[in-house]
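Chains as they are written, first to last, in the UniProt record's numbering: chain A, 1 to 761; chain B, 1 to 761. Glycine included, every Cβ here is placed at the ideal spot set by N, Cα and C.
Number of protein chains: 2
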Amino acid sequence: MNWTVREESFDKNQITTNGNKYMTGNGYMGYRGTLEEFGKEQLSAVTLAGLYDRAGEKWREPVNAPNGLFTVISCNGQPLSVLDTEPVSHIQELDFRSAIHRRETVYRTPEGGTVTVTAERFASMDNLHLLLSKLTVSSTIDCRIDIETGIDGEVWDINGPHLFEKKEYAEGDVLISSAVSGELNVPVAVAEIADFGFGEQQIVDGLAIRKLLLDAKAGETYEWHKYVSVYTGLDGGKAPVDNAVEAVQAAAKLGYDELLAAHRKRWEDRWVGSDVIIEGDDEAQMALRYSIYQLLIIAPTESEKVSIPARGLSGQVYKGAVFWDTEMFMLPFFLHSDPSTARNLMMYRIHTLDGARRKAAEYGFLGAFYAWESQDTGDDACTLFNVNDVFTGRPMRTYFRDKQVHISADVVHGIWQYVQFTGDDSLLVDGGAEVIWECARFFYSYAFYNPVKKRYEILDVTGPDEYHERVNNNAFTNALVKESLEISLRTAELLKEKYPAEFEKLTAQFTDGPFLTEIGSMLESFYVPQPDEETLVIEQFDRYHTLEEVTLADLKSRVLNKNEYWGGGNGLATTTKILKQADVVLMMNLFKHSFSKEVKKANWEFYEPRTEHGSSLSPCIYALVAADIGSPDWGYPYFMRTATVDLTGESKQYVGDLYIGGTHPAANGGAWMAAVLGFAGVHFDGDTVHIKPSLPQKWEAVELPVVLRGGTYTLRISRGEVTITAAAGNSSALNFVVDGAEPQLCQPGVQLKLQTAGATV
Amino acid sequence: MNWTVREESFDKNQITTNGNKYMTGNGYMGYRGTLEEFGKEQLSAVTLAGLYDRAGEKWREPVNAPNGLFTVISCNGQPLSVLDTEPVSHIQELDFRSAIHRRETVYRTPEGGTVTVTAERFASMDNLHLLLSKLTVSSTIDCRIDIETGIDGEVWDINGPHLFEKKEYAEGDVLISSAVSGELNVPVAVAEIADFGFGEQQIVDGLAIRKLLLDAKAGETYEWHKYVSVYTGLDGGKAPVDNAVEAVQAAAKLGYDELLAAHRKRWEDRWVGSDVIIEGDDEAQMALRYSIYQLLIIAPTESEKVSIPARGLSGQVYKGAVFWDTEMFMLPFFLHSDPSTARNLMMYRIHTLDGARRKAAEYGFLGAFYAWESQDTGDDACTLFNVNDVFTGRPMRTYFRDKQVHISADVVHGIWQYVQFTGDDSLLVDGGAEVIWECARFFYSYAFYNPVKKRYEILDVTGPDEYHERVNNNAFTNALVKESLEISLRTAELLKEKYPAEFEKLTAQFTDGPFLTEIGSMLESFYVPQPDEETLVIEQFDRYHTLEEVTLADLKSRVLNKNEYWGGGNGLATTTKILKQADVVLMMNLFKHSFSKEVKKANWEFYEPRTEHGSSLSPCIYALVAADIGSPDWGYPYFMRTATVDLTGESKQYVGDLYIGGTHPAANGGAWMAAVLGFAGVHFDGDTVHIKPSLPQKWEAVELPVVLRGGTYTLRISRGEVTITAAAGNSSALNFVVDGAEPQLCQPGVQLKLQTAGATV
């Protein structure tokens, strides 16, 4: 099977796209898929997770570290760079099984020979502070080779500069680049060692760059390694410079091969826990694995202080901020495959509770109103003017920040899902309960009672469909708010019974109310829009049906400027029924057991032609619900579109002069959801695993490992049969239901083979 | 004193402005101040009150009738028209004491002589169907004069055509033009008679035009009259053509002079009941009288089926629709001077209740939601896209129609004011109570209960300041809604006691509720924003204080297109503290006895520099409140700006290609309010007349007649003394309070002289 992506020539126009496509990373940092000789103009970047900085009045964004893998090789004084010279041949390759990036470029020399440069690199999954690289150069003729390598202190920034008091120097054979961030004075240090066994080395004064002169012999291959370590003041322990120097020295001592082996081992383990095998569809297989890879390189396996930004670690786009994408589109993958990382993601929300409290207070509400764009503190990085009007150049008032209140419900949903999937209710005691209660209190204070209709309503919100701002009773939002209120009561019951002392302690702050009594009473008459009796369609929000009916094609024909924003005050879609992305249909997916197949079908069919899919979060949801209603082939194109978004690069790269490219972790997670929760039809309700296969025509079977309530299982799901293999070490049994049949208990070490409803006996 | 406005030369660029400035009319029709030879290109128009028509998908607007006063005179074959020939001299004049328009134009003939044309005209106040005119022509040399006169069927329309099945013909000496409106098939007929005592007449075939040939002798003056009558199918009785023919024949029989005398007599009477004398300030005197004139020519004295449109009868601008302007800016003048017309204005709202009920139902509310732009049925003529975006040419979603809910409270306020001023509670039985209750029920269903703050709030509205749409708890709106709820309870008490049978009958429709019990309970915890404890400023709406602080000058410097709309989704003012017009300060004026002087002053000083006065409804309110807080000289410039708006013509005439000019009845009424309720300080609370003079420096005294609770009084208010003269025929006494002193009862036939607080004894 194919585990690699590869370019076989160099195309200048693809530099930015390939920077995303060939990303490596390890959750601590992301390393864009640029080439060794590239600099900030080519968007080379070492993006650090969780370290944010604000320069002046500009948008706050993550800090990019100096690039310790920078290397330029020259032959007889001519730099060998794809930017300057058309190479004879060029290969760029990513082995995403082991997360190793390789390039091999052959240049012609003016003297008639050829010089071949190769480089292999990885961001160690075994030691997250290390970037490692092996390079070679060889020539078909004798020539002079200059190698300039070290740490490139010229950092790409969108809203920088962020690094100050820069120092670049050498200590013995270690190059060091150190600086502090501007806003919070957090030190950042990069250290590098290069182990040349040839040539003459010289350190450039005042830079963390070394130059090596080599009289290369024809036919000989010269190989060396680079060891780079990155530390910041957020890592704790010693000063970052000391940490970095020690780490790089230890790495050099271990040697490249041993580091590579440890890295490979880690990746093998991660794939064992997360690989999804699709039988019968190589294209889908490759795209899905690539999507999983993208999630694995940005997952915060070792930190509970960071989560996954909307563009992963592929740069500073969208302020490096964490959106609802994490809970709603990425979390399911981690819940099924890596509960410990899932816990970290949820702990991030617990650590940022105070920011959410500040935001609620800012708007005059109780409890916690989570940031639409969350960074280190949980304060909202989203501005009130988040888009520029292309017609006037003026900042446009948008309501992402103040009206997308569903974010607090998304967080509650995520935490509760975590507890259901893992049974680890310690998360609740560790702060999860407080988050849940504060979010519920926020919604209590956001809701209003309608005295005529005698019900509580949620007014003036923006749902997932951001083209319709400030609407009343958005069905998705109301359904999630209701769930939040319910979870707050269930959490209280759980803690009261299991952790009575903690319950008393944690709830002391809420004695003045409103709290559980009031929330319970609100729930008794809480309004969630219901399917129309005739059409079965759920109106997306109050008066949606009065908006202009227009086809997507007609609406597109009204566009005057290709970068114009369709939402906002005067947006083209605002006054029409055209949606940016799945909204009611997303609700159908989240609460799939609350709606009949007929209702789901009616809503899919109603909203699908009216959806622009202006967000990469949209197509996967249509794939999921298509599978759920037994029409997987309707969903298949949406699945493929989602799973290939970072392979094709066919997404918006710029809005006006603003770069918005990068990877799409929510789509990556969405591809996994479509395959596993959609087509394979896996649904764990916290108690029983329901499996309802709905495979696209090409697919013969889907096989994957899952961890549920601490037990490990392998599922193989085909059209006719579902095979469940429980690990022998599981501590308890779990019930499985296939196609709504009787539950079957799967004991540790046992393999069950269950027929599907569509099985041909 | 000056009772005329006059031009002493002809300026082509002033044609449109003068069309407004020299308006005549009588409430049944308006006749623009154009010249006899003008046609639709010069915006000649006979605008009919209350007859609306919709052409295709265009905006519905009033019908303009064919112009029966059309006349072109030629000398030796050369038309004498200011449009073609520069006249030797030209005078256009309006005597607004008698509502008579005159022009005198002298032309040079190629032969070296001069020809003088004069015309005098009026829209009879004695017989509202008549337009009458006296013309003369004289020449200094013998010449051939052609007179072409009759009914010009080429009608100016903004969104026409509206007249179909046009017939133009003669019956004997009567010219007739008849047609039917397109939408409702209402017949419209104009008849004309001209009483030439000279020359040879000929009727043009197929037109309602006669031609007269005259060999004019040098030095001789030829005089004739035109009698024109206008009827529509809304007038009842016979067919409009028959009505018109009969009326014009009767008029011709009576003769011009007698008709003029009757007209003059009516005007004398009207001025007796409404003139306000300002001693010491001729400029203000003239402007105020002119403002009153503008109100008198459009007042529906004989119909309770029409009200006063926002541009009066000066054309089809703003769809000829009735706005809140009537209740809030014009009604006070009529309440004090002409209770019978005030009653008609309120009856119009009663007749359009069903339209308001339909609008409430359309939006899912109970009761009556009055039209923002009301025409004949009370259905809303306001569209959801009322302004075009100058940058894209696209219609812009505005919220005038759906969010300016205060209109229903304005109507309630008006009706209650009428009952207070007149004591005529029959209006309540005649439908007023139903309007009040339905509006209260509308607000009951519009309000929401905030469970944390434990109060009812009014969310998502647009207040008077239209630059800030969709705000919560607009102080003005909440205060007025609260008043509506209170009035609904008081109305019930009044009817229950005085008209118990009618009460039972009228309230039967509300037995299923919500009604008085629920409204009473809402009132117990109804929220109205209060002054800040430190600054005393009332926040215009929730979170107004978080908007951008910018000076008006700075905001103006951001304008990219002079016609761009400052409100709407992306409007320049939308995200700033700049207001279009008085909002909190208007509330201070409406509820002046609920706020201390300190609060009024603090709010005036806070909001005044932040107000654009983008509406002609704004300056008068700042004048009123300035007077109220004892700073009349702050208010004086605002008063003058308001009182001269139709004299200077310094108001917007076009937005994009849309003509929005016309007269400004709300400003005319606002000028009266500023002078009488502001500077003279007259305030009748339904029981006692409070007088608190606050005269501008120049003013020595203000004298005016008022009718209160059926009694007639003359008030003379100077700095030191207030003189009250009660008519002998008054049926009861009334209490007067000057500057907060002890009430003094003024018996019929008595004159009281009361010292002011500032009197120098």
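According to DSSP, what are the bridge partners of residue i?
i	result
A:P514	In DSSP, A:P514 forms no bridge with anything.
B:M396	B:V387
B:K211	B:E148, B:Q202
B:P529	DSSP, once it has assigned bridges, lists no residue as partnering B:P529.
A:N64	A:T47
A:K167	A:S178
B:P705	B:T714
A:A119	A:R103, A:L135
A:I487	BP columns for A:I487 are empty, so no partner.
B:L94	B:V5, B:H101
A:G25	A:G30
B:D53	B:E61
Classify residue i as helix, strand or coil using the three-state DSSP reduction.
i	result
A:D354	helix
B:A621	Here residue 621 of chain B turns out to be Ile, not Ala, going by the sequence shown. In this structure, B:I621 counts as helix in the three-state DSSP scheme.
B:I691	strand
A:N473	coil
B:G649	coil
A:I297	coil
Could you pull the start and end residues of the alpha helix (DSSP H) that residue i belongs to?
i	result
B:A191	Unbroken run through B:A191 is the beta strand (DSSP E), 187 to 194; no alpha helix (DSSP H).
A:I100	Looking at the DSSP string, A:I100 is not in any alpha helix (DSSP H); the run it does join, the beta strand (DSSP E), is 100 to 108.
B:Q420	406 to 422
B:E457	Not the alpha helix (DSSP H): B:E457 falls in the beta strand (DSSP E), residues 455 to 457.
B:P79	B:P79 -> not in any alpha helix (DSSP H); beta strand (DSSP E) instead, spanning 78 to 80.
B:I436	433 to 446
A:E502	500 to 507
B:N668	665 to 673
List the residues of chain E whose Cβ lies closer than 7 angstroms to the Cβ of residue i, in chain order.
i	result
B:D389	Among the chains of the structure shown, chain E does not appear; the protein chains present are A and B.
Hey, out of the options, whose CA is closest to residue i's CA?
i	options	result
A:I151	A:C143, A:L131, A:S138	A:L131
B:E61	B:L353, B:D282, B:P161	B:P161
A:N76	A:L51, A:L48, A:V115	A:V115
B:A218	B:G112, B:G50, B:R97, B:F70	B:G112
B:A553	B:L572, B:Y446, B:A360	B:L572
A:R343	A:A381, A:E304, A:P332, A:H351	A:E304
B:L345	B:I297, B:W699, B:Y418	B:Y418
A:A675	A:F684, A:A643, A:V706	A:A643
A:T551	A:L214, A:L207, A:S177, A:T575	A:T575
A:V228	A:Y31, A:W416, A:I519	A:Y31
A:F639	A:L523, A:T648, A:L624	A:L624
A:V537	A:A492, A:L428, A:A475, A:G320	A:A475
A:G197	A:T462, A:K226, A:I141	A:K226
residue 813 of chain A	A:F510, A:E469, A:P87	For residue 813 of chain A there is no data in the structure shown, the boundaries of chain A being 1 and 761.
A:A627	A:Q747, A:P696, A:H593, A:N570	A:P696
(message) Please give me, in chain order, every unbroken run of the beta strand (DSSP E) with length at least 3 that falls completely inside the segment 202 to 285 of chain B.
(response) The qualifying runs are 209 to 216, 221 to 232, 277 to 279.
(message) I'd like the ranges of any alpha helix (DSSP H) spanning at least 4 consecutive residues and lying wholly in the segment 305 to 376 of chain A.
(response) 331 to 337, 339 to 351, 353 to 362
(message) Suppose only complete runs of 4+ residues qualify. What are the alpha helix (DSSP H) ranges in the segment 564 to 625 of chain B, listed by chain order?
(response) Qualifying alpha helix (DSSP H) stretches, in chain order: 584 to 590, 597 to 607.
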